[in-house]
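Report on one structure; see the data block that follows.
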Amino acid sequence: MKVAEKLYPLRELRGRGGRDMAIMFDGNFFIAVIASTILSFVIGGIWYAGPVFGKAWMAALGKTEADKEAMRKQAPKGFVAGLVGAFIASFVLALFLEYGRQANVGLPAGVLGGLVIGFLVWFGFLMTTGVSGAIFEGRSSKLLGINQGFAIVSYLLMGAILGIWL
Numbered sequence: 018m019k020v021a022e023k024l025y026p027l028r029e030l031r032g033r034g035g036r037d038m039a040i041m042f043d044g045n046f047f048i049a050v051i052a053s054t055i056l057s058f059v060i061g062g063i064w065y066a067g068p069v070f071g072k073a074w075m076a077a078l079g080k081t082e083a084d085k086e087a088m089r090k091q092a093p094k095g096f097v098a099g100l101v102g103a104f105i106a107s108f109v110l111a112l113f114l115e116y117g118r119q120a121n122v123g124l125p126a127g128v129l130g131g132l133v134i135g136f137l138v139w140f141g142f143l144m145t146t147g148v149s150g151a152i153f154e155g156r157s158s159k160l161l162g163i164n165q166g167f168a169i170v171s172y173l174l175m176g177a178i179l180g181i182w183l
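Counting in our numbering, the sequence shown runs from 18 upward without gaps.
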């Protein structure tokens with residue numbers, strides 16, 4: 018018996034495409050989620066590095082070189098939170114992708130379907146809350162651009178990986 022069948026024994030739950038809902042939690046599902054999680058984490062490390070957007074990001078936050086030491090002390094917690102957040106985001110993107118396919122809503126197959134889901138999730142959730150949050154917090158448009166730039170690149174690439182793999 019497959020692990021998915023043990024976890025989700027209700028075999029009568031089928032999407033319109035006839036595929037068992039439990040099948041999506043097979044080994045490939047979790048490999049794809051882990052791969053896209055790692056990709057997002059690596060993109061974040063590159064994106065916020067000094068030579069890319071790190072210096073501009075620090076300036077937009079109002080941080081100076083003197084603040085770097087305090088930020089370094091918080092870095093392990095930030096890395097753990099970033100990795101957990103990337104895993105949750107990847108898992109949810111994979112669910113949206115799978116449910117979109119099973120509902121036969123015209124979601125393209127493969128990488129294009131993943132890109133569509135990644136864009137829609139970014140646009141519908143991250144961009145909207147990011148903009149309103151930045152306005153209420155009085156954050157600069159530069160900081161908003163850096164953060165949302167990372168978010169859209171990350172979600173598009175996570176979606177692409179998931180679209181190819183699932």
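We put the beta carbon where it would ideally sit given N, CA and C, even for glycine. The structure presented is a predicted model; accordingly, all values stated were derived computationally and were not measured.
Check	Outcome
Contact the stretch 140-157 vs the stretch 63-71: 3+ CB pairs below 8 Å	no
Short Cβ contact (9 Å threshold) for residue 175 with residue 110	yes
Nearest-angstrom beta carbon gap, residue 181 and residue 131 [assumed within contact, 8 Å]	7 Å
Residue from 137, 56 and 162 with nearest C-alpha to residue 147	162
Best match in 140, 73, 113 and 93 for proximity to residue 46 [C-alpha to C-alpha]	113
Residue range of the alpha helix (DSSP H) that includes residue 120	From DSSP, residue 120 is part of no alpha helix (DSSP H); its letter is neither H nor E.
Short Cβ contact (9 Å threshold) for residue 103 with residue 53	yes
Helix, strand or coil at residue 155 according to DSSP, with G and I counted as helix	coil
Cβ shell of residue 63 (< 7 Å), same chain only, five flanking positions each side left out	69
Assigned secondary structure, residue 79 (DSSP; H/G/I helix, E/B strand, else coil)	coil
Distance between residue 86 and residue 58 (C-alpha atoms, nearest Å)	22 Å
Same chain, Cβ closer than 6 Å to residue 143, neighbours up to 5 away in sequence not counted	168
CB contact below 9 Å: residue 112 versus chain B	In the structure shown, chain B cannot be found, because there is only a single protein chain.
Residue range of the alpha helix (DSSP H) that includes residue 46	44-64
Under the three-state DSSP convention, the category residue 183 falls into	coil
Bounding residues of the alpha helix (DSSP H) (the contiguous stretch that carries residue 135)	127-138
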